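Residue numbers (the working numbering), protein chains in the order written: chain A, 91 to 479; chain B, 91 to 479; chain C, 1186 to 1327; chain D, 1186 to 1327.
Ideal Cβ placement from N, Cα and C applies to all residues, glycine included.
Everything numeric in this text was worked out from a predicted model, so none of it was measured.
Take a look at the structure below.
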Amino acid sequence: MRAYLDNGATTPVAKEVVETMLPYFTERFGHPTFLYSLGQEAADAVDQSQKTIARTINAKSGEILFTSSATEANDIALRGVVYANRKRGNHIITTKIENPSILRTCERLEGEGFKIDYLPVDGEGFVDVSKLKEKLNDKTILVSVANVNDEIGTIEPVEEIGKLLRDQKEKIYFHVNAAAGYARVPFDVEQIGADLVSLSAHKIHGPKGVGALYIREGTPVEPVSYGYISLFKLKPGTENIPGIVGLAKAAELAFDGFERHTNHMKKLRDKLISGFERVPYSVINGPRGDKRSPANASCSFKGLEGESMLMHLDLNGISVATGSACSTTKLEPSHVLTAIGVKPEVAHGTIRFTLSRYNTEEEIDYTLEVVPRVVEQLRKISPVKPEEL
Amino acid sequence: MRAYLDNGATTPVAKEVVETMLPYFTERFGHPTFLYSLGQEAADAVDQSQKTIARTINAKSGEILFTSSATEANDIALRGVVYANRKRGNHIITTKIENPSILRTCERLEGEGFKIDYLPVDGEGFVDVSKLKEKLNDKTILVSVANVNDEIGTIEPVEEIGKLLRDQKEKIYFHVNAAAGYARVPFDVEQIGADLVSLSAHKIHGPKGVGALYIREGTPVEPVSYGYISLFKLKPGTENIPGIVGLAKAAELAFDGFERHTNHMKKLRDKLISGFERVPYSVINGPRGDKRSPANASCSFKGLEGESMLMHLDLNGISVATGSACSTTKLEPSHVLTAIGVKPEVAHGTIRFTLSRYNTEEEIDYTLEVVPRVVEQLRKISPVKPEEL
Amino acid sequence: MPVEYTERGMLKYTKKLIERFKNPKNVGEIENPTVVATEGDPTCGDMFKMFLKIENGRIEDVKFLSFGCAANIATGDMTADLIKGKTVEEAGKLQIKEIADGLGGLPAIKMHCATLAYRTLKKALTKYKQKQAGGAQARPKG
Amino acid sequence: MPVEYTERGMLKYTKKLIERFKNPKNVGEIENPTVVATEGDPTCGDMFKMFLKIENGRIEDVKFLSFGCAANIATGDMTADLIKGKTVEEAGKLQIKEIADGLGGLPAIKMHCATLAYRTLKKALTKYKQKQAGGAQARPKG
Ligand SMILES: Cc1ncc(COP(=O)(O)O)c(C=O)c1O
Ligand SMILES: Cc1ncc(COP(=O)(O)O)c(C=O)c1O
């Protein structure tokens, strides 16, 4: 039996998505900027894809930029907006638990003289909006918060943040990294008041190599890369047409039956979580219930180390991530787990299970059969006693 | 009958390439940085693809970076190298006939205080290496020249340039934009002495959304984008694995039978050129024979305007580009045609025909039947007399 | 637009425009035209030449020659259609928008084509009026 | 490398390593070991505990416990194999490279695992020698 439970890292491309992409490789392969019919077909495909993505977040189609990843979307959003607003201020607010794609761009910006506040979070990973409010000052130009944390599934109060920011006298741009949250939780740019939103195709059964950035009409964004401009000034280079079409199809599939999909994932998630709770010396990370992403279950198993667990699960056909999805090979524990107060010796034993609509109950049953066995096996050979942690 | 003769803009993806990519969408879809087997498969695919690309240009596999386009490769090469060598100097040399992806990055760099010399070219588009030599000074850190001009097919003396640069006391980095030349003319990074080389998959029957940058070992390159780093520091974001695999397969197909393919294209090219020469008041742009890309035929038909011609050819099933592949909708004539001394009123009547190994003699015969008819038709309704230009 | 397109982006012609470009009804020259006007310049990539046959203040025939893009040809042909059979005075009231609308719209970057046809028409009508005036003056004198 | 990989990039274990990780032969504890040594720290994510049974200056048995990654377990197991049956002196000459080589190589970023096993061994041998020396001293005194 196999169970792919690392959908937060990447997902298999849906069959329908592949089928939709195929003709754009071999038949409708034109360059979108060319006037002849093949080119127009490609341009139309980009147009339609913008419409589709826009619809899923209540945006206008002209507000969708296609990129090569959510990472790139984040980089364009953050640097693009702060460069364009440099004259107004140099202060950025984000959180301690953002994805490395945000944090590394922030590091870079600090090097360039921008001041960044990293908000702390509580034990379940929630940002405290009143703390955000305290940090606002007249130099603040951008706030960036993910709507869903990719490691522990916390659904952040982005709507409240958006409201706070809209109430300020001076415009403060609000970027939401929705790479982990898109197609898992509802997202309405108007309701949230987001000015920029990043997405990634390969997290929603679309292809790798494509992302999107929503940019609210009128938001000044400076280019951060240069070169041959095909359709979009902010992302030079020939567009990845099959990829863009694939992203749109993936979004269509995800939102067509959104309730059904997310309810399915919630059921599996809760089953996983209750199963893990029955494993001795285990700790669930992040919130329970409605404030948790339907797709995420994170659990620390005391007395063992995550990579060994990951490898053993793999030998049993189960794919997962260690606590920190992005530092598998670093010795430091995940910055997210640290931020919610998990002790390093516990953090090292953390496994992240992330679901998709394609996971089945059988897979979860199987996982819940294998996990306790592997935990026991690893604890048996561990010099660290779980009860002492 | 149809004839796709705009392979310089983009190409249909080869069937074998699509087949090679397919499993990476749905089965081998893992994230390359993850330790479990699916992840390792993806990492291996990247590894193998590096090897394949490296082999085609006589590089080492670790010297190949994958990007989302040649445009991005160019931007990383140019800005990355000059930022990393800013302390040594601020002088860059390129040519007047580079692709916009180079020229727009150069514009940007001028805005940042870099000094750029744009070398003139002769009537056939050749750079004069002695003129390049004159421009070298102790602030020169980078020279960027395309090995093949994308509009008029001129094969530049990159080997001679590389030799000149290697003879300098201080290291001057040499970037070659091979987007139009890769898989059309032989390329050996050692023989040429190139430090950086840009490629694009969609120009060689690979997928859109992937490019590559060769970076000679030891070449200092600063990142120009930031974020979540999967495999490559210089291109953050999750890799486009199917795209990378597709690029490698496309390269394999192109180089497996390189001679045969290029000889085929040369034959078709020369047939086209002789055909155009028989059209009254026509002028071939760029050189003839061995110094011309096997894939390029560019012709100015006096007394008519390119876009109308392009549209009429499209109505006849023939896809081509106007003179300037990159300014279809601008009123200015192509900067390349201007640089080789074509008068604007003639430049406006220029059509670029670009070939691939998949074009057939029948397509060329058909094209040579349609072109003179369309030329005549358009001249008949033109107020401009070709004999007066 | 927030997600900025380039000058080139999303250039798209309507079916109507392409149809007219393919089969323009009014291309050619008129022998012994009442008036001829040319606007534009081949060095800029577009030029338009209009021939009018005017009888009793009414435009009896219109033909044109075009050096330019598909939109140039189509707007020229549309303009010709729109003024054919009209009086000089009526033709003088033609709006640029009518030309574009007649083609189901024009991409923004191609509006200059409609403008070129329009300017050529204006020039022709002005010439005609000057000619009439000249003729009118000339007669008394002559 | 010119095209810089990250710390994470291209982490790949050999088949041999994975085989050992799956089926380590020497995990566990030794009852009444001659010497026990621990290195590493769970807060850093890796810890290694080694049990040696030494008789007449020869390592008769080796077992270990591991809190750490797959490489931690595999290098521990390899180290145990490499020193089992050897004299304390021979075992003292073990090189880190031998451990890695025994696994068909180690990713650069995992070399610290071989180092951890190695350091634990050194510590155990030092303890053993101290114990011996202590015992030797103790006897005359006692
Ligand atoms: C010479 C040259 N460089 C760069 C590019 C841009 O490549 P890409 O489409 O991969 O961005 C092109 C294609 O238009 C080209 O012909
Ligand atoms: C929250 C979050 N942001 C950004 C990313 C990076 O997205 P991409 O792989 O498209 O670069 C990820 C995926 O790892 C993520 O989970």
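Proximal residues to residue i (C-beta, below 6 Å), its chain only, five neighbours per side dropped
| i | result |
| --- | --- |
| B/Ala133 | Pro122 |
| D/Gly1225 | Asp1231, Met1232, Phe1233 and Leu1301 |
| D/Lys1200 | none |
| B/Leu232 | Val171, Val172, Ile182 and Tyr263 |
Rounded separation between residue i and residue j - CA only
| i | j | result |
| --- | --- | --- |
| C/Ala1299 | B/Pro462 | 29 Å |
| B/Phe322 | B/Leu155 | 7 Å |
| A/Ile408 | A/Met399 | 10 Å |
| C/Asp1231 | C/Phe1252 | 5 Å |
| B/Gly299 | C/Ile1244 | 55 Å |
| B/His103 | D/Gly1287 | Correcting the residue identity first, residue 103 of chain B is Val in this sequence and not His. Their Cα atoms are separated by approximately 45 Å. |
| C/Tyr1198 | A/Phe124 | 12 Å |
| B/Ala236 | A/Ile319 | 18 Å |
| A/Ala344 | A/Ser446 | 10 Å |
| B/Asn189 | A/Gly431 | 53 Å |
| D/Asp1246 | D/Pro1209 | 15 Å |
| D/Ala1256 | D/Ile1284 | 11 Å |
| B/Arg145 | B/Val287 | 14 Å |
| D/Lys1238 | A/Val474 | 21 Å |
| A/Asn353 | D/Thr1311 | 60 Å |
| B/Gly347 | B/Leu289 | 19 Å |
Reduced DSSP secondary structure (H/G/I, E/B, other) of residue i
| i | result |
| --- | --- |
| B/Glu466 | helix |
| A/Lys150 | coil |
| C/Tyr1313 | helix |
| D/Asn1241 | coil |
| D/Asn1208 | coil |
| A/Cys416 | Because the pLDDT at A/Cys416 is just 39, under 50, the model does not fix this residue reliably, and the value given afterwards should be weighed accordingly. Residue state, collapsed to three classes: coil. |
| C/Met1296 | helix |
| A/Val432 | coil |
| D/Lys1326 | Residue placement at D/Lys1326 is flagged as unreliable, the pLDDT there being 40, under the threshold of 50; the coordinate-derived value follows with that caveat. Correct three-state label for D/Lys1326: helix. |
| C/Lys1307 | helix |
| A/Met111 | helix |
| B/Ile319 | coil |
| B/His181 | strand |
| A/His265 | strand |
| A/Tyr456 | helix |
| B/Arg194 | helix |
| C/Thr1223 | strand |
| A/Tyr481 | Past the edges of chain A, shown from 91 to 479, lies residue 481 of chain A, and the structure says nothing about it. |
| A/Thr244 | strand |
| A/Asn239 | coil |
| A/Ser424 | coil |
| A/Leu302 | In the sequence under discussion, the amino acid at residue 302 of chain A is Ala, which differs from the Leu named in the question. Strand, per DSSP. |
| A/Thr230 | strand |
| A/Ser398 | helix |
Spatial neighbours of residue i in its chain, beta-carbon cut-off 8 Å, leaving aside the 5 residues before and after
| i | result |
| --- | --- |
| A/Pro480 | Beyond the ends of chain A as shown, which are 91 and 479, falls residue 480 of chain A; an answer cannot be given. |
| B/Glu106 | Lys339 and Leu343 |
| A/Ala93 | Gly407, Ile408, Ser409, Asn449, Glu453, Ile454, Tyr456 and Thr457 |
DSSP beta-bridge partners of residue i
| i | result |
| --- | --- |
| B/Ala387 | B/Phe443 |
| D/Met1232 | D/Gly1225 and D/Phe1252 |
| B/Leu405 | None, per the DSSP bridge assignment. |
7 Å CB neighbourhood of residue i in its chain, flanking five on each side removed
| i | result |
| --- | --- |
| C/Arg1205 | Ala1259, Asp1262, Met1263 and Leu1288 |
TODO: Please name the residues in the segment 387 to 402 of chain A whose beta-carbon is closer than 9 Å to at least one beta-carbon of chain B, in chain order.
DONE: Answer in chain order: Glu397, Leu400 and Met401.
Task: Contact list for the segment 142 to 167 of chain B against chain C, Cβ threshold 9 Å - done: Going along the segment 142 to 167 of chain B in chain order, one finds no residue with a Cβ nearer than 9 Å to chain C.
Task: chain A contacts made by the segment 319 to 350 of chain B, where a contact means CB separation under 9 Å - done: Here the close residues are Ile319, Ser320, Lys325, Pro326, Gly327, Thr328, Glu329, Asn330, Ile331, Pro332, Gly333, Ile334 and Gly336.
Task: Residues of the segment 95 to 119 of chain A whose Cβ lies closer than 9 Å to any Cβ of chain B, in chain order - done: Listed in chain order, the positions of the segment 95 to 119 of chain A with a beta carbon within less than 9 Å of a beta carbon of chain B are Asp96, Ala99, Thr100, Thr101, Pro102, Val103, Ala104, Lys105, Val107, Val108, Met111, Leu112, Tyr114, Phe115, Thr116, Glu117 and Phe119.
Task: Contacting positions in the segment 1197 to 1209 of chain D - beta carbon closer than 7 Å to chain B - done: Lys1197: these are the residues of the segment 1197 to 1209 of chain D whose beta carbon lies less than 7 Å from some beta carbon of chain B, given in chain order.
Open item on the list: Closer than 8 Å between beta carbons: that is the criterion. Which residues of the segment 1251 to 1272 of chain D meet it against chain A?
Closed with: Listed in sequence order: Ser1251, Phe1252, Gly1253, Cys1254, Ala1255, Asn1257 and Ile1258.
- [ ] May I ask you to list, following chain order, the residues of the segment 119 to 134 of chain A that have a beta carbon less than 7 Å from some beta carbon of chain C?
- [x] Considering only beta carbons, the part of the segment 119 to 134 of chain A lying closer than 7 Å to chain C consists of Thr123, Leu125, Gln130 and Ala133, in chain order.
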